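Using numbering that gives the first Met the number 0, the letters of the sequence shown map in sequence onto residues 0 to 467.
The structure under discussion appears below in the form of structure tokens.
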Amino acid sequence: MPPAFKYSDEKASSLDKAQGVMVAVNPAETYDAAYIRKTIRRVDLRLLPILGALYAFSLIDRSNLSLARVVGAEVELQLNVGERYSITTLLFFVPYILLEIPANMVGPRWWLGSIAFVWGSTMTAMGFVKDWKALAGCRVVLGACEAGFFPGCVYLISTWYIREEVQTRLALFYLLSVLVGGFTPIFAYGVSLIGKAAGLYAWRWIFVCILPDAALTIDATAPDKATFLDAKQVELIRERVEYDRGDAAPEQLTISKCVTYAKDFKIWVFAFLFLATTIPSYAMSFFLPVILAGMGYDIAKSQLLAAPPYAVSVVFGVIISWWADRTKARGPFIIGQSIVTIVGLAMTAFASGNGPRYAGTFLTLCGISANIPAILAFQSNNVVGQAKKSFASAMVIGAGGIGGIIASVSFREHDAPQYEPGLWTSIAFSLAQIVLTGALTFHFSRRNAQVRKGGKAIEGQEGFLYTL
Numbered sequence: 000m001p002p003a004f005k006y007s008d009e010k011a012s013s014l015d016k017a018q019g020v021m022v023a024v025n026p027a028e029t030y031d032a033a034y035i036r037k038t039i040r041r042v043d044l045r046l047l048p049i050l051g052a053l054y055a056f057s058l059i060d061r062s063n064l065s066l067a068r069v070v071g072a073e074v075e076l077q078l079n080v081g082e083r084y085s086i087t088t089l090l091f092f093v094p095y096i097l098l099e100i101p102a103n104m105v106g107p108r109w110w111l112g113s114i115a116f117v118w119g120s121t122m123t124a125m126g127f128v129k130d131w132k133a134l135a136g137c138r139v140v141l142g143a144c145e146a147g148f149f150p151g152c153v154y155l156i157s158t159w160y161i162r163e164e165v166q167t168r169l170a171l172f173y174l175l176s177v178l179v180g181g182f183t184p185i186f187a188y189g190v191s192l193i194g195k196a197a198g199l200y201a202w203r204w205i206f207v208c209i210l211p212d213a214a215l216t217i218d219a220t221a222p223d224k225a226t227f228l229d230a231k232q233v234e235l236i237r238e239r240v241e242y243d244r245g246d247a248a249p250e251q252l253t254i255s256k257c258v259t260y261a262k263d264f265k266i267w268v269f270a271f272l273f274l275a276t277t278i279p280s281y282a283m284s285f286f287l288p289v290i291l292a293g294m295g296y297d298i299a300k301s302q303l304l305a306a307p308p309y310a311v312s313v314v315f316g317v318i319i320s321w322w323a324d325r326t327k328a329r330g331p332f333i334i335g336q337s338i339v340t341i342v343g344l345a346m347t348a349f350a351s352g353n354g355p356r357y358a359g360t361f362l363t364l365c366g367i368s369a370n371i372p373a374i375l376a377f378q379s380n381n382v383v384g385q386a387k388k389s390f391a392s393a394m395v396i397g398a399g400g401i402g403g404i405i406a407s408v409s410f411r412e413h414d415a416p417q418y419e420p421g422l423w424t425s426i427a428f429s430l431a432q433i434v435l436t437g438a439l440t441f442h443f444s445r446r447n448a449q450v451r452k453g454g455k456a457i458e459g460q461e462g463f464l465y466t467l
């Protein structure tokens with residue numbers, strides 16, 4: 000079978016240099032291999048830890064609500080009345096979804112550097128709310144702050160690396176944050192031992208004890224803006240991207256471009272695939288401690304037992320992502336990981352005994368943690384042009400926010416602690432994800448075959464082939 004990636008020596012770049020136009024050539028033939036590895040390693044060490052740490056704070060900010068709930072917030076704020084808890088979790092996603100594309104139009108350079116302080120302050124304010132309505136209002140502000148952050152990070156990573164490197168980097172970025180977030184329950188358990196201090200109950204300290212997000216700043220937003228690389232290294236990065244897919248030239252996302260890009264059906268398919276993954280992902284984030292408590296574990300054990308599944312899923316996700324990049328495949332891995340998720344959800348919902356049900360949470364999180372970077376890489380690999388990548392990232396992550404809403408309303412308070420309707424919803428979307436991934440991969444394979452026979456170029460790029 001021909002490789003999923005194909006590169007062309009005939010493509011010309013639209014990158015304007017001081018004098019003339021840069022022609023795309025294979026950088027592997029003009030740069031020393033050790034020099035290329037050194038440059039990429041420098042980018043890895045500068046970009047991924049910063050983005051991963053900031054996104055870890057983002058995930059902690061979201062999941063702390065479920066942790067605070069089981070150590071006292073539910074009683075003090077009466078979150079167990081009606082659907083108050085579900086409403087509070089849901090409201091985060093309204094501004095989160097609506098502001099995704101506007102945030103990307105502003106651009107990650109400005110957006111990423113300005114929101115961290117605001118969302119950190121909002122989290123601290125949540126530790127001082129007097130009723131559930133104030134808590135819900137803080138969640139709305141939090142959603143507005145975090146809109147555009149995740150798609151901005153995904154877009155940034157895609158501008159630095161070639162296609163066969165993207166999934167591993169997305170996995171390292173995303174799963175670093177998952178690992179940090181996975182140990183948040185242990186932190187929350189430690190805080191819960193405080194009881195009451197300085198007039199605040201323990202659950203409030205979970206929100207107050209947040210590291211100052213504003214202390215982290217991003218030094219690199221695009222290769223040509225990097226201050227940690229010399230001119231030759233910047234040129235290498237740009238040449239690699241241009242040779243890989245011909246879209247190293249920066250582009251501004253505009254409303255007219257958004258309208259044009261929205262007509263591309265595959266962006267909507269990618270969006271659904273991500274939505275289908277985020278439903279069980281948010282469900283685990285919001286409700287895992289509650290599900291564990293429903294198995295009969297006390298507060299301490301339910302907090303502590305929530306961490307190991309995340310730790311295992313990180314290792315699994317990194318290994319699978321590395322394997323996917325090595326094989327240059329996306330669709331088959333997404334299908335396999337969706338099956339793992341379904342098996343895990345079924346075990347969590349219907350297995351008898353706490354041991355098998357707890358084991359199901361490991362499988363569920365392994366499938367989810369591997370699928371999120373896989374779907375993001377699937378999208379990034381098969382969309383050409385920086386503006387279109389930015390739009391696609393916003394659409395896909397915005398759809399993930401809709402998945403969060405679906406998770407919030409399908410895991411209803413009166414279904415606790417089993418949450419069978421919510422788990423069935425997650426299984427149904429995962430099954431649909433398998434079908435759509437198979438259909439899209441088949442379509443991409445047909446288009447690649449047409450191009451090889453001299454048919455119309457894909458994405459307007461001669462020599463470009465879809466990643467399967």
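From the three backbone atoms N, C-alpha and C, an ideal C-beta is built for every residue, glycine too.
The structure presented is a predicted model; accordingly, all values stated were derived computationally and were not measured.
Return the first residue and the last residue of the alpha helix (DSSP H) that residue i is part of.
| i | result |
| --- | --- |
| A328 | Element bounds for A328: n/a, residue is neither H nor E. |
| E250 | Neither: E250 is in no alpha helix (DSSP H) and is coded neither H nor E. |
| K300 | I298 to L304 |
| P222 | No alpha helix (DSSP H) contains P222, which DSSP labels as neither H nor E. |
| D243 | A230 to R244 |
| P420 | E419 to R451 |
| A72 | Per DSSP, A72 belongs to no alpha helix (DSSP H) and is neither H nor E. |
| E99 | E99 to V105 |
| P26 | P26 to T29 |
| K387 | Q385 to S409 |
| G180 | R162 to G181 |
| L89 | R83 to L90 |
| F148 | F148 to W159 |
Roughly how many angstroms separate the alpha carbons of residue i and residue j, rounded to a whole number?
| i | j | result |
| --- | --- | --- |
| R68 | L47 | 32 Å |
| F361 | A406 | 19 Å |
| A146 | V395 | 12 Å |
| Y472 | L375 | Since the displayed the chain opens at 0 and closes at 467, residue 472 lies outside it and no answer follows. |
| I341 | V177 | 20 Å |
| A373 | Q336 | 9 Å |
| Q302 | G189 | 10 Å |
| F461 | E73 | Here the sequence assigns Glu to residue 461, which means Phe is not the residue at that position. Cα to Cα, E461 sits roughly 58 Å from E73. |
| E241 | A391 | 19 Å |
| D297 | L291 | 9 Å |
| L435 | L272 | 8 Å |
| F148 | Y95 | 10 Å |
| A196 | L430 | 48 Å |
| V383 | D246 | 6 Å |
| D8 | E28 | Its pLDDT being 36, under 50, D8 is placed unreliably by the model, and nothing is read from it. |
Compare the C-alpha of residue i against each of the options and name the closest.
| i | options | result |
| --- | --- | --- |
| V139 | P150, M125, C152 and G151 | M125 |
| F469 | A391, P331, N353 and I371 | Missing from the structure shown is residue 469; the chain here goes from 0 to 467 and no further. |
| V117 | A369, L97, A143 and K132 | A143 |
| G402 | R41, I39 and F92 | F92 |
| D414 | N79, V317 and A32 | N79 |
| Q251 | E75, I100 and Y34 | I100 |
| I114 | L169, S57, Y84 and D223 | S57 |
| G397 | A133, T38, G198 and G151 | G151 |
| E238 | P26, F463 and K452 | P26 |
| L50 | G194, V179 and V128 | V179 |
| I278 | A261, K452, A427 and I319 | A427 |
| N381 | M283, G453, M294 and W267 | W267 |
| T440 | G454, L464, Q166 and S284 | L464 |
| A55 | A261, K300 and S284 | S284 |
Give the secondary structure of residue i by DSSP, where H, G and I count as helix, E and B as strand, and everything else as coil.
| i | result |
| --- | --- |
| K262 | coil |
| A196 | strand |
| I39 | helix |
| D212 | Note that D212 scores a pLDDT of 46, beneath 50, so its modelled location is shaky; the value from the coordinates is reported in the next line. Looking at D212 - three-state DSSP - the assignment turns out to be helix. |
| I371 | helix |
| I457 | strand |
| R203 | helix |
| L134 | helix |
| G462 | coil |
| K256 | helix |
| P416 | coil |
| A282 | helix |
| F352 | It should be noted that the sequence gives Gly, not Phe, for residue 352. Reduced to three states, the DSSP call for G352 is coil. |
Just confirm the distance between the C-beta atoms of residue i and residue j, as a whole number of angstroms; I'd bet it's less than 8 Å.
| i | j | result |
| --- | --- | --- |
| G119 | W202 | Not confirmed; about 18 Å, so no contact. |
| Q385 | A275 | No, Q385 and A275 are not in contact; Cβ-Cβ is about 27 Å, not under 8 Å. |
| E419 | A348 | 6 Å |
| F315 | A358 | Wrong, their Cβ atoms sit about 14 Å apart, outside the cutoff. |
| R40 | R162 | Between R162 and R40 the Cβ distance is about 19 Å, and since that is not below 8 Å, they are no contact. |
| L467 | G330 | 6 Å |
| A135 | I86 | 6 Å |
| T253 | N63 | Their Cβ separation, rounded to whole angstroms, is 37 Å, which puts T253 and N63 out of contact at 8 Å. |
| Y309 | G181 | 2 Å |
| V313 | L169 | The Cβ separation is near 13 Å, so there is no contact. |
| N103 | S409 | Not a contact, Cβ separation roughly 28 Å. |
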